[in-house]
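Just so we're aligned, residue 1 is where the sequence shown starts under UniProt numbering, counting upward by one. Beta carbons are placed, not taken as given, at the ideal position from N, Cα and C, and that holds for glycine.
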Amino acid sequence: MTDEPRTLQTITESIRIAAEPGHVWDAIMDPKAGETWRNAHFNTDWQIGASIEIEAEIGAKRYRDKGRVLRVEPASRLEYSYWSQVSGLPDVPQSYATITMTLAADSGETLLTVAQQVPPSPIRRGDGWEIGADSGARHVAFYWRMALPRLKQAVEQGRAAQ
């Protein structure tokens, strides 16, 4: 493991939600709503500098990830750091991703854009398989393509804050 700077890949996904930014924001910030669309429990108070503890399950395996709240602009922008146990990367600062969620009002709707900077994955090989440096970025892109429609559905059906 070297201390060389890593080239981060930015994954960006956007979705239009038929609700005002305040309603979308509430669904992002509310722990119970987050479990609905994120498939993970976030334990934090969402104050700048606060730690974030994330618990998730993939199949029968439980994961504990973590991060830190970097920026909070209610109903407008949320930014936090994120380290994933699944990434295979060590728990060191250069292994953390930065996730930025931006909400923009547009004619009674919200355009939500998520940008996640992803460090390269360690290359892993086995008998007949290989996981390349871009596997983390591919996983992140897949995750947001699945999570954002669930958030949209929860907000638009009014279930997000229940």
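Item                                                                                                                                                               : Value
In terms of residues, what are the limits of the alpha helix (DSSP H) holding Q153?                                                                                : 135-156
Going by the beta-carbon positions, is the gap between I17 and T98 smaller than 8 Å?                                                                               : no
Mind pulling the beta strand (DSSP E) runs of 3 or more residues that sit fully within the stretch 66-117?                                                         : 77-83, 97-106
Spatial neighbours of G147 within its chain, please: CB distance less than 7 Å, with the 5 preceding and 5 following residues excluded, ordered by chain position. : The question names Gly, but residue 147 in the sequence shown is Ala. So the qualifying residues of the chain are W37, R38.
Is the stretch 39-48 close to the stretch 9-23, with three or more CB pairs under 8 Å?                                                                             : no
Could you tell me how far apart the beta carbons of V118 and I11 are, in whole angstroms, since I believe they sit closer than 8 Å?                                : 6 Å
To the nearest whole angstrom, what separates the beta carbons of D65 and A56, a pair I think is in contact under 8 Å?                                             : 7 Å
Which one of I131, L70, S107, R145 has the shortest CA to CA distance from S121?                                                                                   : I131
Quick check on DSSP: helix, strand or coil for G126?                                                                                                               : strand
With a threshold of 16 other CB atoms inside 10 Å of the CB of Y63, please say whether the residue is buried or exposed.                                           : exposed
If you draw a straight line from the C-alpha of E73 to the C-alpha of Q47, how long is it?                                                                         : 10 Å
Could you tell me if S14 is buried or exposed, where buried requires 16 or more neighbouring beta carbons within 10 angstroms of its beta carbon?                  : exposed
Quick one: what's got a C-beta closer than 6 Å to L89's C-beta in the same chain, skipping five residues either side?                                              : S95
Report all residues from its chain with a CB closer than 6 Å to the CB of A50; omit the five preceding and five following residues, and keep chain order.          : T44, V69
Look at the Cβ atom of S76, then the Cβ atom of G67, and state whether they are nearer than 8 Å.                                                                   : no
Closest to I58 by C-alpha separation, out of R71, L78, S84, would be which residue?                                                                                : S84
When the Cα atoms are used, what is the spatial distance from L78 to L151?                                                                                         : 15 Å
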